[in-house]
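Just below is one structure, and these are the notes that go with it.
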Amino acid sequence: MRPVTFDETAVALEAINLSVTLRRSRDGADIPAVNGVSFTLYRGRTLGIVGESGCGKSTTAMSLLRLLPRTARIAGQIRFRGEDLLAASEERLRAIRGRYISMIFQDPMVALDPLFTIGDQLAEPLRIHCGLEGDALRARQVELLAAVGISTPETRLTQYPHQMSGGMLQRIVGAIAMSCNPDVLIADEPTTALDPRAQASYLDLLKMFGETYGLALVMVTHDMGVVARVCDDVLVMYAGQAVEKGPVRQIFNAPKHPYTRALLTSIPNGEVEREWLPTIAGQPPDLSRLPPGCSFAPRCSAAQERCSREAQIERVVGDRHRARCWRAVAP
Amino acid sequence: MTLPVLEVSGLAKHYPVGSPWFHRGERSVVRAVDGISFSIAEGETFGLIGESGCGKTTTVKMLLGLEPSTAGRILFQGEEVQNADAATLRQYRAQIQTVFQDPYSSLSPRMRVEEIIAEPLITDGRLSAADRRDRVAELLEVVGLPKEAATRFPHEFSGGQRQRIAIARSLSQRPRLLILDEPVSALDVSIRAQVLNLLRDLQQRLGLSYLLISHDFDVVAHMCRRIAVMYLGRIVETGPTKIVRDRPSHPYSKALFSAVLAPDPDAVHRHIRLPGVPPSPIDPPSGCRFRTRCPLAQPLCAEVEPQLLAGAGGALAACHFTERIDSM
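Quick note, the sequences are listed as chains A and B, same order.
Going by my numbering, the first residue of the first sequence is number 18, and it counts up by one from there.
Going by my numbering, the first residue of the second sequence is number 951, and it counts up by one from there.
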């Protein structure tokens, strides 16, 4: 696979005011899972979407390809190659999924079919989207496996998923995702199921993909260590909203939203036998019964009376840095 | 120094594989755990780390008496456990309890919280129903759950609260040692800190000892003063956490800790990649088991198995060429 030269300021995809409402099967209640989220993906850059379970990070990622339950309602715009993906036909989306925008999921054992060989599964997108057959197909398969760091690719093509380790399978999922040279790669917790050493080398591989092939990478994760390692930009989500977004160093070194700050201080920082960790009081809110005003106010140690009445809109707190908090100020 | 709560020496578990019909007399064995020794002091947290398949889980099974050991001894408060009579064994099993990774699968969805927490006490049979109720109420308070939680079902609780229920259950028989198997991996970041603080608080209040097993090295460093690193059924390095992590003497520990993902975008990464694939525990390499993947390996490593020897800062490492560690 040949490296590509690209313009780092070129926009690959733009999500504008994205909102997703899901129907809860238990009681039919409408859940505002994603609420007015906007972000831009650039070629060769990685955006990390971070937050805790139920904050809407995976739903946001899935909505880029409209991989949502039938009962879901999406509003807003997803601008990609001059069209709005939310207005595109199902047929058009099928031509885009796996070709221009591809995805890597958390568990490679679930993503791969146990009954088909690695070769079969790698051939599928190459046949459907790239029209490759015969020797050209095989050459491309071998090239892809080599690119994700798998030794003896010819042998591996004839093997089944159960014959390989989790780390190796996730590399194969990466090869399938990269098979048609996509513009955008969405990875949803891609290393959560891997051992620490496999995790670090997989992240390095994804980062290399982004930088070498001008791919726009979306990394959905709850792990701040993963964000620090691969992301250029960060979007912090809480209760369906983007509470803070900005360049990775600003988010880590000068977080403006109290939730981001609390999240960063509550993780063990490598100090040996530290006494107590600062915690965030309470639980994340039930999305069907969001509090009025700021969703984080009930758990926020800096909350004022105003916070539980009115929600703040995004404010500019630095260069490309935004936070949704009354108390956040520009440096 | 006080008597250690748990002392393990030369513990091993070998599983025979293959059909006995065709391999009579020469069946292969999987050396899942192959002679490990460590001890845990009263009130201490000891960390056991290593990758999938290194033998951590088999070690835990032997400690809990769920798997008989092939060789070695387990001493609990100075008493031998393996050949103990039924009564002693029963007492031992009450004293050593486990908290598992996933509070969604470790709690029965059909039982109320009070039944879950009281079940070990019912089996034990020493407390009356009224005393059991009091004990459940006390335990709920200890782990920071409201009294009303007793009559509810697990599905009514969040992950963090469920882990508190699991911790309450593990404490019901007043154990001395808790085995924490990835206790916070399934929890959200903001909830992790609450559970880690609770574990620390319980340790101080009840004088508990912990054996912590985790992939998250920052959690291990946060909780443990001493750790042991396992590779293919053996402990390759053990000692004070700070020394083993920051100045490792064994090439495997060094490679393992080089993979830590620090929550700092300016951290310098020097991830040491190891060549090859992990060897099978059925026929582990001769001499040092790590030699097939070790960047420092020499001919000697294939011939002589290195023993755990004192290295820098009070750590023990099993490597012939530990003085060359800086060249990695």
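Every residue gets a Cβ at the ideal spot worked out from N, C-alpha and C, and that includes glycine.
Check: Delimiting residues of the alpha helix (DSSP H) encompassing B/THR1007; Outcome: 1006-1013
Check: Unbroken beta strand (DSSP E) run spanning A/MET11, endpoints; Outcome: Nothing can be reported for residue 11 of chain A, as the shown portion of chain A is limited to 18 through 348.
Check: DSSP state of A/GLU322 mapped onto helix, strand, coil; Outcome: helix
Check: Chain B contact residues for A/GLY191, given Cβ-Cβ distances below 8 Å; Outcome: Near A/GLY191 there are no residues of chain B at all, since even the closest Cβ is about 17 Å away, more than 8 Å.
Check: Short CB-CB distance (under 7 Å) between A/ILE135 and chain B; Outcome: no
Check: B/ILE1232 - DSSP class collapsed to helix/strand/coil; Outcome: coil
Check: Contact under 7 Å by Cβ, B/GLY1157 with B/SER1199; Outcome: no
Check: First through last residue of the beta strand (DSSP E) which encompasses A/TYR59; Outcome: 47-59
Check: Closest Cα partner of B/ARG1083 within the set B/GLY1183, B/ALA1068 and B/ALA1252; Outcome: B/ALA1068
Check: Neighbourhood of A/GLY61 by C-beta, 8 Å cutoff - its chain only, sequence neighbours within 5 removed; Outcome: PHE23, GLU25, GLY227, GLU228, GLY231, LEU232 and ALA233
Check: Strand pairing of A/PRO264, partner residues [DSSP]; Outcome: A/ASP250
Check: Cross-strand partners of B/ARG1155 (DSSP beta bridge); Outcome: Answer is none; B/ARG1155 lacks a bridge partner.
Check: Residue-chain proximity (A/THR169, chain B), Cβ-Cβ < 7 Å; Outcome: no
Check: B/ILE1193 - DSSP class collapsed to helix/strand/coil; Outcome: helix
Check: Under 8 Å (Cβ pairs) to chain B, residues found in the stretch 274-294 of chain A; Outcome: ALA279, LEU280, LEU281, SER283, ILE284, PRO285, ASN286, GLY287, GLU288, VAL289, GLU290, ARG291, GLU292, TRP293 and LEU294
Check: Contact belief for A/GLN123 with A/THR63 at Cβ below 8 Å, rounded distance in angstroms; Outcome: Their Cβ separation, rounded to whole angstroms, is 17 Å, which puts A/GLN123 and A/THR63 out of contact at 8 Å.
Check: Neighbouring residues, chain A, relative to B/PRO1096 (Cβ below 8 Å); Outcome: Those do not exist, as B/PRO1096 stays about 13 Å from chain A at its closest Cβ, beyond 8 Å.
Check: Residue burial classification, B/THR1191 (beta-carbon count within 10 angstroms, cutoff 16); Outcome: buried
Check: Bridge partner(s) assigned by DSSP for B/VAL1179; Outcome: B/ILE999 and B/GLU1187
Check: Min CB distance A/GLN180 to chain B below 7 Å; Outcome: no
Check: C-alpha gap between B/PRO1231 and A/LEU174, whole angstroms; Outcome: 26 Å
Check: Residue interval of the alpha helix (DSSP H) (run including A/GLN216); Outcome: 213-230
Check: Spatially closest choice to B/LYS1011 from B/MET1278, B/GLY1000, B/GLY997 and B/ARG1043, by CA coordinates; Outcome: B/ARG1043
Check: For B/GLN1248 and B/ARG1274, the rounded distance between their alpha carbons; Outcome: 11 Å
Check: B/TYR1202, DSSP secondary structure in three states; Outcome: helix
Check: Span of the beta strand (DSSP E) around B/ARG1082; Outcome: No beta strand (DSSP E) contains B/ARG1082, which is instead part of the alpha helix (DSSP H) from 1079-1092.
Check: Secondary structure of B/GLN1257, DSSP reduced to three states; Outcome: coil
Check: Completely contained alpha helix (DSSP H) runs for the stretch 1043-1080 of chain B, where each covers 4 or more residues; Outcome: 1063-1074
Check: Neighbour list for A/HIS239 in chain B, Cβ cutoff strictly below 8 Å; Outcome: ASP1138 and VAL1139
Check: Coarse secondary structure for A/GLY335, derived from DSSP in three states; Outcome: strand
Check: Identity of the residue in A/GLY151, A/THR38 and A/ARG90 nearest A/SER305 by Cα; Outcome: A/THR38
Check: Residue from B/GLY993, B/GLY1005, B/ARG977 and B/GLY968 whose Cα sits closest to the Cα of B/GLY985; Outcome: B/GLY1005
Check: Interface partners of A/ASP152 on chain B, CB under 7 Å; Outcome: Under the 7 Å cutoff, chain B gives no residues; its nearest Cβ is about 29 Å from A/ASP152.
Check: Terminal residues of the beta strand (DSSP E) in which A/GLN94 lies; Outcome: 90-97
Check: Nearest-angstrom Cα separation, counted from A/ALA271 out to A/MET225; Outcome: 27 Å
Check: Alpha-carbon to alpha-carbon, B/VAL1093 and B/SER1108; Outcome: 14 Å
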